[in-house]
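One structure below.
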Amino acid sequence: MSVKALKKIGVLVSGGGTNFQSLIDTIHHKYGEIVVVISNNRHA
């Protein structure tokens, strides 16, 4: 059985985070892992 390495993903955000939560829910341990998030909004 082969083990497939997860992709490391970086995300740029600028809004309130609602789309980011959807992204987390979709990606979570299926396609990769989010390893960095960069935002221009400190309250995001």
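Each position in the sequence shown, counted from 1, maps to that position plus 86 in my numbering.
Glycine included, C-beta positions come from ideal geometry on N, C-alpha and C.
Item: Rounded straight-line distance, which links the Cα of SER108 to that of VAL123; Value: 14 Å
Item: LEU109, enclosing alpha helix (DSSP H) - first and last residue; Value: 104-113
Item: Residues near SER125 in its chain [Cβ-Cβ closer than 8 Å; skip 5 each side]; Value: LEU98, VAL99, SER100
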